[in-house]
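In this note's numbering, the protein residues as written are 27 to 345.
No residue lacks a Cβ here, since even glycine has one placed at the ideal position from N, Cα and C.
Bear in mind that the values here come from a model prediction, so they are computed numbers and not experimental data.
Beneath this line is the structure, given in structure tokens, with notes to follow.
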Ligand code: UT7
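What follows is the structure, given as structure tokens:
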């Protein structure tokens, strides 16, 4: 029994916001600096009041249509997000309510930019155990809410969006291998180190990052976990048709491809137009590449995430 991706959808809120738009809004930056250091030209930012469950709802509806299913057909809903609507209930429960599904297992996964590969791996294990038949796996983020817009070294990097996949039990091959890791010793290089206590924010509610430390860590573990996942599936990485790493920065994508000895034309890149959408970045890129027919039935696709925690992981599947 395999878990197979049978439908994909995504959603980007509002209009594309360019680097020049950010400079016009008073951020001391330039299109030249942002594109040369990150490859990012645009990102989308949610409207006031638009939440992770709202973005996830649009992406989920599109994924369900692509799979030919109704919301009531899914028995598992997992949302990967670090920007939940509320402290509780989970964004997965809020999404479930908006979708009109009653009774499915529903919970959130918090693994920051690795969240989608964590959530998809969990869905794979639920489905292969036989306990669940059809899962909706969503990555949805409104990172614009946790950015310090006076910190130009971080605020230009991120965007908002959502992506979703339907995963179904199938005798045809689907997910071939998965690998998940974390090392909390590195929690300090990327974090939002605040919390709510007695009705007050305590600590710092904004994203803080040591960019260069994150860069080096990300490149090393993305290459390692990609190789680990290929080995577990018994295929050389040269047999991969496509790689979709977490979309943080084109320089990270290029360095990862070099380490894995893969040409860049096998790497799906959307960070230039989406920015870093954390847990949403991989399903957003997957949806784009399936809809524009680059990814074809039967091809082997490697998804790779890395993010705060530090967390990292990969999922290798046959489409
Ligand atoms: O999901 C994981 C998310 N994290 C990442 O993807 C981050 C990975 N790291 C990176 O991509 C890079 O480290 C950055 C793009 C974040 C930064 O690039 P860098 O080459 O490491 O630059 P830096 O932080 O060392 O800053 C270099 C200069 C500084 O100026 P001075 O001190 O040399 O005068 C910064 O103040 O660039 C300046 N700077 C900016 N200038 C214009 C920083 N941010 C900006 C900006 N616009 N937005």
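At a Cβ-Cβ threshold of 8 Å, residue 327 and residue 270 count as neighbours. A direct Cα-to-Cα measurement between residue 176 and residue 53 gives close to 7 Å. Per the DSSP secondary-structure output, residue 330 pairs in a beta bridge with 271 and 340. The Cβ atoms of residue 145 and residue 138 do not sit closer than 8 Å to each other.
The residue among 33, 147, 125 and 83 with its C-alpha nearest the C-alpha of residue 338 is 147. Exposure of residue 51 is indicated by the presence of fewer than 16 other C-beta atoms within 10 angstroms of its C-beta. For residue 321, the CB contacts under 7 Å within the same chain, skipping 5 residues up- and downstream, are 268, 315, 327 and 345 in chain order. Between the alpha carbons of residue 311 and residue 296 lies a distance of about 6 Å.
By the Cβ criterion, the stretch 276-295 is in contact with the stretch 243-250, since at least three pairs of Cβ atoms, one from each stretch, lie closer than 8 Å.
Spanning the alpha carbons of residue 197 and residue 333 requires a straight line of approximately 33 Å. For residue 107, the CB stays at least 7 Å from every heavy atom of the ligand UT7. Counting along the chain, residue 87 sits inside no beta strand (DSSP E); it lies in the alpha helix (DSSP H) bounded by residues 78-93. Contact check for residue 156 and residue 69: beta-carbon distance about 41 Å, past the 8 Å limit, so the pair fails to qualify.
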